[in-house]
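Asks: Please find one structure pasted underneath; my questions will follow.
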């Protein structure tokens, strides 16, 4: 029996090529798989970031400030004041012996309002007058003596020193008379202050004293006012004019007053002066209007609506009331800038028209204003602009 050895045939060239192809294909497949996985994860991350950003932004609708109707006059509230208003104090201490004017009394300058009794001043004046008489008598005697000694000098009957002493005594007596005279004048003026008189023409608006009241001189410490007098033939009205109208205010402008207490009646006045300075807290110009009041119908303290006739029509901006943020920093408006970020701007408010309100400072007509801003809006916050209702452009 013959043993046959079977030899393994060598690999063919085609088999080797197939092995190489599979060896090279595996890395390619792995790279493609990795690329697809990375792309899918990047897309998911992008979607997640977009979703997160969407949650971080506040959806808002925008509006714009609108031009209100041009104003040829401006109406402002105010309170009437007397042209002059002054308290009347006692200039000397004492007690009230009598008063002659009560509230509502029309008085003239220098008219007697009250009489004060001051016994101490009266006694001091009597004493001062007696002292003046005494010093005057001493002056006469000193003059006679000095003259007599002067005449004795040629006879050598007196020494020069005695003459000089008498001349010096004469000068001292003259000074004493001047001092006593000044004291008498001072006390006479104090006694004159016992008559309390009106400082100007007007009407007594308050009486705060009565017969027998003990009073002190002056307006400090224990001194209290006896009367208050107001000059009402002309009344003053002070109005704070908004800054946007300040360039239209000038002396001589006409104004009309209307009073709730006098419906249907109008009173003409004239702008007489202004502060020429804008108040930092209110952004207004303090303006004074004088109104003739010959009939006395206009009473100090009365509420008045003042209509100032402007020299030229003035335009103004209005926004919806809901666009105003009232915060501790004052009224603000939220404006969206070109990057859709919030800018909180302080504004000065003007007149309230109900659904809209006048803005006198802080914004322009081109600003993109958040229509109904939530209270938590802050500077730099991103917002998403949503279309306004009714197809209004934002």
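Numbering (the UniProt record's numbering), first residue to last: 1 to 394.
Where a beta carbon is used, it is the ideal one built from N, C-alpha and C, also for glycine.
Keep in mind the model is a prediction, meaning the values are calculated, not measured.
Between the alpha carbons of residue 173 and residue 139, how many angstroms are there, rounded?
Replies: 5 Å
Asks: Name, in chain order, the residues that DSSP records as bridge partners for residue 395.
Replies: In the structure displayed, the chain extends from 1 to 394; residue 395 sits before or after that span and is not available.
Asks: Give the C-beta separation of residue 87 and residue 225 to the nearest angstrom, bearing in mind that I take them to be a contact with Cβ-Cβ under 8 Å.
Replies: 4 Å
Asks: Taking contact to mean 3 or more Cβ pairs, one atom from each stretch, closer than 8 Å, check whether the stretch 272–284 and the stretch 322–330 are in contact.
Replies: no
Asks: Quick one: using the 10 Å Cβ neighbour count with 16 as the cut-off for buried, is residue 355 buried or exposed?
Replies: exposed
Asks: Spell out the partners DSSP gives residue 383 in its beta bridges.
Replies: In DSSP, residue 383 forms a bridge with 58.
Asks: Which stretch, first to last residue, makes up the alpha helix (DSSP H) that contains residue 120?
Replies: 119–151
Asks: So for residue 325, helix, strand or coil by DSSP?
Replies: Residue 325 carries a strand assignment under DSSP once its states are collapsed to helix, strand and coil.
Asks: I need the DSSP call for residue 295, collapsed to helix, strand or coil.
Replies: coil
Asks: Whose C-alpha, out of 136, 198, 237, is nearest the C-alpha of residue 177?
Replies: Per the Cα distances, 136.
Asks: Given a threshold of 16 other Cβ atoms within 10 Å of its Cβ, counted over all protein chains shown, does residue 346 qualify as buried or as exposed?
Replies: exposed
Asks: Who are the Cβ neighbours of residue 157 in its own chain at under 6 Å, not counting the five residues just before and after it?
Replies: Within the same chain, residue 157 has no close Cβ partners at all.
Asks: Three Cβ pairs or more, each shorter than 8 Å: is that satisfied between the stretch 105–123 and the stretch 257–264?
Replies: Output reads no: the stretch 257–264 does not touch the stretch 105–123.
Asks: Residue 182: buried (16+ other C-beta within 10 angstroms of its C-beta) or exposed?
Replies: exposed
Asks: Between the C-alpha atoms of residue 268 and residue 375, what's the straight-line distance to the nearest angstrom?
Replies: 46 Å
Asks: Can you list, in chain order, the residues of its chain with a C-beta nearer than 6 Å to that of residue 370? Leave out the 5 residues immediately preceding and following it.
Replies: 60, 334
Asks: Considering residue 164, what are the terminal residues of the alpha helix (DSSP H) in which it resides?
Replies: 160–192
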